[in-house]
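Protein chains: 2
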Amino acid sequence: MSPETATARTPPRSAPRRPTQAERRARSRSALLQAAARGLSRYGYGNLVLEDVAREAGYTRGALYYQFKDKEDLALAVIEWVNESWMREVGEPAAQQADPVAELLALARGHAVFCRRDIARVVMALRMEFAGQDHPVGREIERIWETGVKRCVRLINLGRKACSIPPGPPARAVALALLGALEGAVIALAGQAPNDELLAARAVAGVLGLSEA
Amino acid sequence: MSPETATARTPPRSAPRRPTQAERRARSRSALLQAAARGLSRYGYGNLVLEDVAREAGYTRGALYYQFKDKEDLALAVIEWVNESWMREVGEPAAQQADPVAELLALARGHAVFCRRDIARVVMALRMEFAGQDHPVGREIERIWETGVKRCVRLINLGRKACSIPPGPPARAVALALLGALEGAVIALAGQAPNDELLAARAVAGVLGLSEA
DNA sequence: TATCATACATACGTGTATGTACGTAGCGAT
DNA sequence: ATCGCTACGTACATACACGTATGTATGATA
Numbered sequence: 011m012s013p014e015t016a017t018a019r020t021p022p023r024s025a026p027r028r029p030t031q032a033e034r035r036a037r038s039r040s041a042l043l044q045a046a047a048r049g050l051s052r053y054g055y056g057n058l059v060l061e062d063v064a065r066e067a068g069y070t071r072g073a074l075y076y077q078f079k080d081k082e083d084l085a086l087a088v089i090e091w092v093n094e095s096w097m098r099e100v101g102e103p104a105a106q107q108a109d110p111v112a113e114l115l116a117l118a119r120g121h122a123v124f125c126r127r128d129i130a131r132v133v134m135a136l137r138m139e140f141a142g143q144d145h146p147v148g149r150e151i152e153r154i155w156e157t158g159v160k161r162c163v164r165l166i167n168l169g170r171k172a173c174s175i176p177p178g179p180p181a182r183a184v185a186l187a188l189l190g191a192l193e194g195a196v197i198a199l200a201g202q203a204p205n206d207e208l209l210a211a212r213a214v215a216g217v218l219g220l221s222e223a
Numbered sequence: 011m012s013p014e015t016a017t018a019r020t021p022p023r024s025a026p027r028r029p030t031q032a033e034r035r036a037r038s039r040s041a042l043l044q045a046a047a048r049g050l051s052r053y054g055y056g057n058l059v060l061e062d063v064a065r066e067a068g069y070t071r072g073a074l075y076y077q078f079k080d081k082e083d084l085a086l087a088v089i090e091w092v093n094e095s096w097m098r099e100v101g102e103p104a105a106q107q108a109d110p111v112a113e114l115l116a117l118a119r120g121h122a123v124f125c126r127r128d129i130a131r132v133v134m135a136l137r138m139e140f141a142g143q144d145h146p147v148g149r150e151i152e153r154i155w156e157t158g159v160k161r162c163v164r165l166i167n168l169g170r171k172a173c174s175i176p177p178g179p180p181a182r183a184v185a186l187a188l189l190g191a192l193e194g195a196v197i198a199l200a201g202q203a204p205n206d207e208l209l210a211a212r213a214v215a216g217v218l219g220l221s222e223a
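Protein sequences appear in the order of chains R and E. Using this note's numbering, the letters of the first sequence correspond one by one to residues 11 to 223. Using this note's numbering, the letters of the second sequence correspond one by one to residues 11 to 223.
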């Protein structure tokens, strides 16, 4: 944020100094990414119209095709951006919980809060759209999803060893059901606070076979 | 099934007698409907290509446009067909349960079994695709979904009065989370028997706040 | 057997969204 | 002040899928 980085003939004095090229580019890219994320969340990939995305961001398709190679590249950038946000706001905080059960429930509550914004359904929508296909976007979504599944499998096995999670179906089946139920519940609730947190945690606890959330 | 309905110069004798017009038409329509259902379940509405549907059914688009007015008409027919099947195989059997909790758990298990076939995701896919839109297909899906929500709300209120379901968030929020978690879990499990039944029931029980499935 | 309606297949026109080529205004350094 | 590069906007070419119009073979009827 320090404007002194440049040799700066531009007056560091005050006023909303006219933006530099890099800032301009970054602002445009950010606006386009957010608009694309909202669009993907609402319409999915195939039904997403790039002209609408650009207009909602305040540009035309020209700006979009300057910043991104094509539609696929844009979608992959959105996915990466959403995933990084999720990791920072949900994944990493939950990892600081002491025991596996607490971490799983923290994931549920955190995901519910995360999905209160308008980009909640990006992953779910793309996962539905590309399931069983062989598309780069679908593969990336599948990769992220599989990461989540593996994390849950690990936690479930740990919890069962510690006897904080009762035995039951194979850990992978439980993990799949857990994530599916979590996403389904959160999307159906459409971010209506504050019940979303409790109900998401309840769904997860139920799948795990716990007696209470 | 009685071939005597027609004045029947056609020998009722035996053999695979050549099919009548009505039978032919019904067979074609059924094949097209099933192919369209599979297609909608996999690709959703927008990404569904009618030529692929027709080919998978063993016809061309000509047959499709003879039996259905347009793509929208086809989708609505599929929805009606799937919904009737669901009511017959899941909705009505579950309604014979004695108490509300048993009925809700029967719905969960029945839905899991119902979704083992390849048309499992029709409703979920279309609901995701048309959420917030104003499209005839979306409205029909929303109508069916709302019917399910209302049924769950009724059962939840009954169960709470009977103290078989503990108090908690508003019944409508619980119902939304219940159906969302149920569909999400079943789809994520992709019909892997026999765990799908148990895990679906666990998810529902969890959302309701019950101690066990 | 002749004739009509039905159940399809084939061919065409059209709209729409993508990707690309080109034009243009604004930033940055000499 | 000027010139090159960047960040867009504009215009075009292409592809794809829908809907329709037309052709054709089969079943029904007399």
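Beta carbons: idealized from backbone N, C-alpha and C, even for Gly. In this text the structure is predicted, and so the values were computed from the model without any measurement.
Inset, instruction - Answer with buried or exposed for E:S51, where buried requires no fewer than 16 other C-beta atoms within 10 angstroms of its C-beta. - result: By the Cβ-count criterion, E:S51 is buried, with 16 or more other Cβ atoms from all chains shown falling within 10 Å of its own Cβ.
Legend entry - Of the residues R:A191, R:L168, R:R35, R:I175, the one placed nearest R:H121, counting alpha carbons only: Comparing Cα-Cα distances from R:H121 to each of R:A191, R:L168, R:R35, R:I175, the minimum goes to R:A191.
Legend entry - Inter-residue spacing [alpha-carbon to alpha-carbon] between E:L74 and E:L117: 34 Å
Legend entry - Spatial distance of R:Q77 from E:K171 (CA atoms): 58 Å
Legend entry - Same chain, Cβ closer than 8 Å to R:R19, neighbours up to 5 away in sequence not counted: Residue placement at R:R19 is flagged as unreliable, the pLDDT there being 33, under the threshold of 50; a coordinate-derived value is accordingly withheld.
Legend entry - Rounded Cβ spacing between R:L42 and R:A64 (contact assumed at less than 8 Å): 7 Å
Inset, instruction - For E:P110, count neighbouring C-beta atoms within 10 Å of its own C-beta (all shown protein chains included) and say buried if the count is 16 or more, exposed if not. - result: buried
Legend entry - chain R contacts made by the region 193-206 of chain E, where a contact means CB separation under 7 Å: The residues in question are E193, G194, A195, I197, A198, L199, Q202, N205.
Legend entry - Proximity to R:G68 [Cα-Cα], best of R:A45, R:V59, R:D80: When only C-alpha atoms are compared, the closest one is R:A45.
Legend entry - E:A131 classed as buried or exposed, judged by whether at least 16 other C-beta atoms fall within 10 angstroms: First, the residue type needs correcting, since residue 131 of chain E is Arg and not Ala in the sequence shown. Classification for E:R131: buried.
Inset, instruction - Determine the burial state of E:C125: buried for a count of at least 16 other Cβ atoms within 10 Å of its Cβ, exposed for fewer. - result: buried
Inset, instruction - Return the Cβ separation of E:I175 and E:G219 in integer angstroms, given the expectation that the two are a contact with Cβ distance under 8 Å. - result: 7 Å
Inset, instruction - Report the rounded CA-to-CA distance for R:R119 versus E:L114, giving the unit in angstroms. - result: E:L114 has its alpha-carbon roughly 24 Å from the corresponding atom of R:R119.
Legend entry - Inter-residue Cα distance where the pair is E:V88 and E:A47: 6 Å
Legend entry - Residue from E:P146, E:Q106, E:E99 with nearest C-alpha to E:V123: E:E99
Inset, instruction - Answer with yes or no whether the minimum CB distance from R:R212 to chain E is below 8 Å. - result: Chain E contact via Cβ: present.
Legend entry - Simplified DSSP assignment, three categories, for R:Y55: coil
Inset, instruction - Consult DSSP for R:F78 and reduce its assignment to one of helix, strand or coil. - result: coil
Inset, instruction - In the DSSP assignment, find the unbroken alpha helix (DSSP H) run with R:I129 in it and report its ends. - result: Note, R:I129: premise wrong, no alpha helix (DSSP H); not H, not E.
Legend entry - Own chain residues within Cβ distance below 8 Å of R:V214, not counting five before or after: L114, L115, L117, A118, L188, A191, L192, A223
Inset, instruction - Report all residues from its chain with a CB closer than 6 Å to the CB of E:E66; omit the five preceding and five following residues, and keep chain order. - result: A45
Inset, instruction - Would you mind sorting E:E207 into buried or exposed? The rule is 16 or more other CB atoms within 10 Å of its CB. - result: buried
Inset, instruction - Determine whether the Cβ of R:P146 lies closer than 8 Å to any Cβ atom of chain E. - result: No, R:P146 does not count as interfacial toward chain E.
Legend entry - Sequence-distant residues of its chain with Cβ nearer than 6 Å to E:K160 (five each side left out): none
Legend entry - Rounded separation between R:I197 and E:C173 - CA only: 28 Å
Legend entry - Sub-8 Å separation of R:A195 and R:A210 beta-carbons: yes
Legend entry - For E:S174, three-class secondary structure by DSSP: coil
Legend entry - Backbone CA spacing between R:A112 and R:I154 [nearest angstrom]: 22 Å
Inset, instruction - Classify R:T70 as helix, strand or coil using the three-state DSSP reduction. - result: coil
Inset, instruction - Grab the span of the alpha helix (DSSP H) containing R:D206 for me, first residue to last. - result: 205-218
Inset, instruction - Determine whether the Cβ of E:M97 lies closer than 8 Å to any Cβ atom of chain R. - result: It does not; no Cβ of chain R falls within 8 Å.
Inset, instruction - For E:S221, name the three-state secondary structure that DSSP assigns. - result: Assigned with DSSP and collapsed to three states, E:S221 falls in coil, not helix or strand.
Inset, instruction - Kindly indicate which residue of R:E150, R:A183, R:R127 has the alpha-carbon position closest to the one of R:V163. - result: R:A183
Legend entry - Delimiting residues of the alpha helix (DSSP H) encompassing E:R182: 181-199
Legend entry - Proximity test, Cβ basis, 8 Å: R:G49 and chain E: no
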